[in-house]
Structure formats: structure tokens, C-alpha cells
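Visitor: In my numbering, the protein residues as written are 68 to 829. Glycine included, every Cβ here is placed at the ideal spot set by N, Cα and C.
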Ligand code: ADP
Ligand code: ZN
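(1) Which residues does DSSP list as the beta-bridge partners of residue 165?
(2) Can you find at least 3 beta carbon pairs, one from the segment 490-497 and one from the segment 690-702, that sit closer than 8 Å?
(3) Using a Cβ-based criterion (distance less than 6 Å to any ligand heavy atom), does residue 324 qualify as near the ligand ADP?
(4) Can you name, in chain order, every residue of its own chain whose Cβ lies under 6 Å from the Cβ of residue 408, other than the five neighbours on each side?
(5) Measuring only the C-alpha atoms, how far is residue 322 from residue 146?
(6) Decide if residue 290 is buried, meaning its Cβ has at least 16 other Cβ atoms within 10 Å, or exposed.
(7) Taking just the CA atoms, how far does residue 103 sit from residue 73?
(8) Excluding the 5 residues flanking residue 300 on each side, which residues of the same chain have their C-beta closer than 7 Å to its C-beta?
(9) Determine the DSSP secondary structure at residue 88, reduced to helix, strand or coil.
(10) Leaving aside the five residues before and after residue 875 along the sequence, list all residues of the same chain whose C-beta is less than 6 Å from its C-beta, in chain order.
(11) Closer than 6 Å: is that where the CB of residue 566 sits relative to any heavy atom of the ligand ZN?
(12) Sort out for me which residues DSSP pairs residue 431 with in a bridge.
(13) Evaluate residue 466 with the Cβ neighbour count: other Cβ atoms within 10 Å of its Cβ, from every protein chain shown; 16 or more gives buried, anything less gives exposed.
(14) Answer yes or no: the CB of residue 548 versus the heavy atoms of the ligand ZN, is any distance below 6 Å?
(15) Of the choices 302, 200, 219 and 404, whose alpha-carbon is the least far from that of residue 254?
(16) Taking one C-beta from the segment 438-445 and one from the segment 384-400 each time, how about it: are there three or more such pairs within less than 8 Å?
(17) Taking the continuous alpha helix (DSSP H) assigned at residue 673, which residues delimit it?
(18) Which residues does DSSP list as the beta-bridge partners of residue 561?
(19) Identify every residue that forms a DSSP beta bridge with residue 235.
(20) Please report the straight-line C-alpha distance between residue 692 and residue 727, rounded to a whole angstrom.
(21) DSSP state of residue 285, grouped into three classes?
(22) Counting only C-beta atoms, is residue 714 closer than 7 Å to chain C at any point?
(23) Quick one: using the 10 Å Cβ neighbour count with 16 as the cut-off for buried, is residue 673 buried or exposed?
(24) Measuring only the C-alpha atoms, how far is residue 498 from residue 769?
(25) The alpha helix (DSSP H) with residue 795 in it runs from where to where?
(26) Hey, quick one: how far does the alpha helix (DSSP H) through residue 145 stretch, first residue to last?
(27) In angstroms, rounded to a whole number, what distance separates the CA positions of residue 133 and residue 99?
(28) Hey, quick one: how far does the beta strand (DSSP E) through residue 117 stretch, first residue to last?
(29) Here's the rule I'm using: 16 or more other beta-carbon atoms within 10 Å means buried, otherwise exposed. How should residue 580 be labelled?
(30) Going by DSSP, what residue range makes up the alpha helix (DSSP H) through residue 385?
(31) Three or more C-beta pairs closer than 8 Å, one from the segment 740-747 and one from the segment 787-796: is that the case here?
(32) Go through the segment 335-373 residue by residue and report every complete run of the beta strand (DSSP E) that reaches 3 residues or more, in order.
(33) Beta carbon of residue 782: closer than 6 Å to some heavy atom of the ligand ZN?
(34) Note down the Cα distance separating residue 415 from residue 510, rounded to an integer number of angstroms.
(35) Ends of the alpha helix (DSSP H) at residue 594?
(36) Answer yes or no: the CB of residue 723 versus the heavy atoms of the ligand ADP, is any distance below 6 Å?
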């Protein structure tokens, strides 16, 4: 070991101390010393340190010269350095610092979230045998008094522990509470002790990737000639490349060739030896997109998606870290990918809600991507057919530059405007009891079938019935852990809570009145499938949602291939069918019931409904034949429907912005929500009141405080939920009030989470 300096040879006051952000919910950093090394550990190094009576992991985030006071013995030594080089590079460290400050999140936890799980060291509590335990484990006929108190199961546990040497305490706690009691008993009697163990970063060999997209190395794939609009957009991006930070909004209708523009820009960056980062929503759902990057750049692309086994993900991450690969494509968390010499940052479908991380460290990867581009002096490109209102506003304010792609790229479809949208007014065309398809839509499906063309039917709810109620007493079946009704999944034979995943067997008597009169209400995609099969027996029908068995790797690609090969006539699905698929044979898109989405109690409901309808509408008429879109709705006059009918994004946005401005909602104000939860509703309500009082005390007239109020989903996973909302157009004030509110003291068992720029009101 290269121990060059011992503490005694270091002159007092000259020692470099390390500032470490520990992976705990704490905002301050802590000072440690590392007297074994002459050269201070590099920033971003992952370390293991003592913390109180515990052992925890952390990251070096600062160096400073120790004064004589600090070099005293209250500064503790780091225990271990993980890996031979810093886990995080400077640019990721810088991004994380900004994120921790902006999202009011503990720096150590942010840094930990920036690493793939395989690179994270972890400190866990493990059990091992004491010498008395070892003796008891071998001696089947013990003489000691204490050992005689052991029963057969105690002995079995000791034997297991002897064989395994250590066992995870968390693992035992998860397995059974009886086992945990047994452990406590054995610890008390001195047979077993609890030790802190460090699991270092996983050692991975460079696993050969079996990513289905990686087989195709850079092929001599036909690279299309850019059309006029693409050419102009590309020229603007190219002019900015290498000239410092700039953000562009590439606003193009679906199929207008946005991806082709990203590919060209990245190809140019690559030619200059620079790196690129591409964020896409839920990459597992869009295997063709990853395949297009592979086809163009071969092994120069690291595809980071959650479907990859951890070892492969770690291997891909390491190739980026080493600079062997300079292009990363991935979902949300790839915003932290260690791309070297970053010059291009792309966020595809920038309006997509999946860029927001909704638990733990809550961040918006789209916003972080722009910040990262700014820190790296790179070009950011936000692509969408329907940029979100925040992005639109940044264009208006001159912060972002908009580039338009108004026509479809496929020459066969370019001359045609976007397919017309027909509205079926359900107040006129009544659906009848089981009906989901109005006569005009059913007729259009018949016509598409007769012409040998494909149809997509979109309904954004899975399951058979969205709730089950008793027609005798009105009782609705609810999840016992959440204030949410259970969805009937008939094919799978259970009732499912869509929030916590709890499944219950289907029953036929009402738990409240015992009548045999339960009935499913509301329709999901499963019922649509049943109905469509009955109504169009000659058609080949398939369903795509989280329940269908096409979620695994490869399976989805195979499924989508069947649609491409036109082996499916009618594709039914949830949002999964709206994602960037490019099916040439689809001419008809039916939107079954957008009304529920429109009426969600959320100020973004209208915007989201418009975006998703425009996106699914974009699936029609991409190939040779013109398309047709039919929307069935009870709200034909709603702005989201009216502007959709004209494919008028600008009109929709301007209309919606006036409403947001009047109500002081984003993008005219910034919001922060405090989400409080706990096992006991009274305590949570009390905590929320205390938080609201704290906020009001800190706020002046520029910060609005709303609440406390019960969350729309008042109970989730057995925990009661309340909220306090803050909004202000003054970011500094908002931040100050948020910080003050964070310090509120809460009743026992109540947890408070801060959500900056919240996307969900639930
Ligand atoms: P978007 O990302 O805007 O949905 P894509 O880049 O996926 O659009 O392009 C849609 C389709 O048109 C793809 O099949 C793509 O290969 C093709 N395409 C893109 N640009 C051109 C072009 N200039 N000429 C011909 N085809 C093109
Ligand atoms: Zn539940």
C-alpha cells in the first residue's frame, strides 16, 4: 500500500481534509481525513466513512486545508475508498450540485442516484456468529446454560449462519417477523452480533451484450437526403455546434423527421470527436429508436435502459466513463451518464411525463438536461410535436430557439396535410350499455378492414372494468391499502389496485351487504378487446398495454414487428401505442374516451389530453395511404378537442396560456408541493397544518400558500396523505419559504417530501 505520509509527519494545519457528502437524508457535508494518502483523494471518489455509530458510504465533494482545531481528533478517518478512480466525473458532480440545490435534495443521495446501481457501494447491517455462537453451532449437545435455552429452530439459524458466515439483517426482516424475533433473542443472548458490512461496487467483466439491437453494427443503412425543412433546422444546429451553450426546440409533427435531424447532428459531433447524450421516454417501449442509433453508430452507442441486466448496464456506463463510447441513449436517469466531451444533448418527446422522477430524489430530467448542456457549453435539442407550455414560454421569452418541421418526412406522405380529425358527439351517438364503439367509428373500422388497412384504438385505461360496485347497496370495491377503487382484470382473474399493485381474487358477493349483485363499470382496454373480437370476428386483433405479455425484452420488438408486417388488423392499447411507432399500414386511429383525462383535477389535464391525442393521431397515415382520426367524446366543445380537430398546436397553447396566466399557474408561476404522509391520518393532518403555518410565517405577499389539504388519493400503501402547495413568480422567495418550511417539526411517523416543479397533483 502506498502509505507515504503518516499523520505524525504532516505538519499541523497543512493536512488536506475531505468534505464528504454521505448517502443519508442530510443536507450538510462532513469533514474527514485520509492520512494514508499523500495526494488528496479526487473529487467524486466514492468512500466509506464512519458516521456516528454507523458506517455509511459517501462521495468526496470538497477539499480544504484543515486548521489546528479541525485536525484534532474529532475529525475521523475515512475507512475505505471504493474503486481505483473517482465514481463521478467533474461534469456529473457539477450537475448534481446544481440539482441538489434546486430540488432541495441531500447531495449524497443525489450523487448516489447518479450512479447505476452496480456502481454504488452500500453499507448494510449483517449478522455474524460470536464465538459463543460458533461453539453453540457445532455442539449439538451443549453444556452451557445459555445454549441449553436454544430450541431446534434457533440452532438451525445458527447453523445457517455458520455456513453462510454472514446474513443480511434486512433480508431476514423481509422474510419473516418471527425470524427477526429469533435474531433479536440470539443477539441478546450473545450468540449473534450485528456488523456493518460494505459491499463495494460490483465487479463486472465486460459482458458481451445480448441487447437485441446491438447485433446490427454500423451498417451501410440508407441515409435519407434531408428535405428542405430538415436541412434548415440542421443548418441552424450545426452553426451552433461547438460555439457554446444554446437550446433549440425542434418542433415537428409526428413523422416529420426529427430523429433524422438528431442523428445528423450527433454524427457531426462524433466526427469531431465529441460526445452526445440522448434522452427518450421509456426506452424499453421504443426498441426501434435504439435500433436506429445502433444502425447509424454501431458500437459507439451505449444504450442504457432499465430492462438491461445490472451487469450490462454497469458495463455500458463504464465504457462511457472510460471514453471508449461517446454516445449515450437512455431514459430519465441517463441524464447523469458520464459522457465525455459532451457537445449535444437531445431530449426526444420533451413533453413526456416520464422525464419526471416521482419518488425519492424528485427531478425533471428534461430540465436537468438543459442545465447539463449549459454547464458543458453544449447544444441542447428538445424535440416534440407538442412542446410543453413551459418550453413554449421559454421560446417566447427568447431563451430557446424554435425550429419547425411542418411536413412529414416520408416523401409519399409529405404532400398530404395531417389526417383530418372527425369528432363523434357521444351525446348524440349514444353508445348503449356495453358499447364502446359508436356507429360511425365501427363503420370506419369496417372500411379499413375491407381495404386491408390497419386500425389503432386508443383508450388510456387498462383492465376490463375500471371499478366494481354493488348494484344493491352502491358499495365500491376498494384497495384496502389505498383510497382507490380496484380495477377488474378478467383475463388474469383478479381485482388489481393500479397504485400499489395489490391483487385480490374476484368475488361475487358484496362485502357490505352480501348480495350477489356486483357489477363491473367503466371500460378498460381488456373490455375493448373482447368487444372488438365479437364485433369484427374476421379481424386479427391484438392488445398492447402493461398487462399483455409483451413487456419483456425482445418480445415487444417481436410484437411491433407483427404490426409492421401487417399481421394485425386492429391494435388496441393504452399510451403504449402512442409512443413513436412508425406503422406504415395504419390509416385509422380511434380515440375512445378522452373525457376522463380531460376532467382530471389537474391544471395540466387539458394539456396532457391534447398532447396524447395529437401523438396517437400521428400514428395514422404515415405510409402510402391517407389517414383518418375519429375521436368519440362527450365534450366536443372542449378546447383540447376543438384545437385537436384543426391540429392547431399554436392555437391550443395560446388559449391554454391565457388560462394559466389568469390562475397564476406554471409557466407563469413556479410551484413547490410538500407531500406529507404517515400511517395515521390525524398525525399527518397535524403535520401538514404545522407545515402550512411555517410556510405562511415565512411567506410575504409574493408567495401563495395553499392548504393543508388531503391529497386527491388520500391514502396510498396504507399511508394517509396531505399536501401543502406553494406558488410564486419569484423563485428566490419561493426557495426561501421552502427552506423555512422544510425545517418544520413533525409528529412522529410523519414524513415530508418536497417536490419542486411538481408534475402530479395526486
Ligand atoms: P419523427 O422523429 O419526427 O417522428 P422520424 O425521423 O422517425 O420522424 O422520420 C419518420 C420516417 O421518415 C422514418 O421512417 C424516417 O426514416 C423517414 N425519414 C426521415 N427523414 C427523411 C427524409 N429526409 N427522406 C425520406 N425519409 C425520411
Ligand atoms: Zn392499493
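Guide: With the given structure in hand:
(1) DSSP output for residue 165 lists no bridge partner at all.
(2) yes
(3) yes
(4) 341 and 342
(5) 55 Å
(6) exposed
(7) Unreliable positioning characterises residue 73 in this predicted model, as indicated by a pLDDT of 39, which lies under 50. The coordinate reading is nonetheless provided below. So the two alpha carbons sit approximately 6 Å from each other.
(8) 317, 328, 470 and 472
(9) strand
(10) Any answer about residue 875 is impossible in this case: the structure gives the chain only from 68 up to 829.
(11) yes
(12) 423
(13) exposed
(14) yes
(15) 200
(16) no
(17) 672-684
(18) 556 and 572
(19) 193
(20) 39 Å
(21) Any answer about residue 285 is weak, because its pLDDT of 48 lies below 50 and its placement is not dependable; what the coordinates show is given next. Three-state DSSP puts residue 285 in coil, outside helix and strand.
(22) In the structure shown, chain C does not exist; there is a single protein chain.
(23) buried
(24) 49 Å
(25) Element bounds for residue 795: not the alpha helix (DSSP H) but the beta strand (DSSP E), 786-795.
(26) Run containing residue 145: none; DSSP gives neither H nor E here.
(27) 10 Å
(28) 113-118
(29) exposed
(30) 377-389
(31) yes
(32) 342-346 and 368-371
(33) no
(34) 36 Å
(35) 592-602
(36) no
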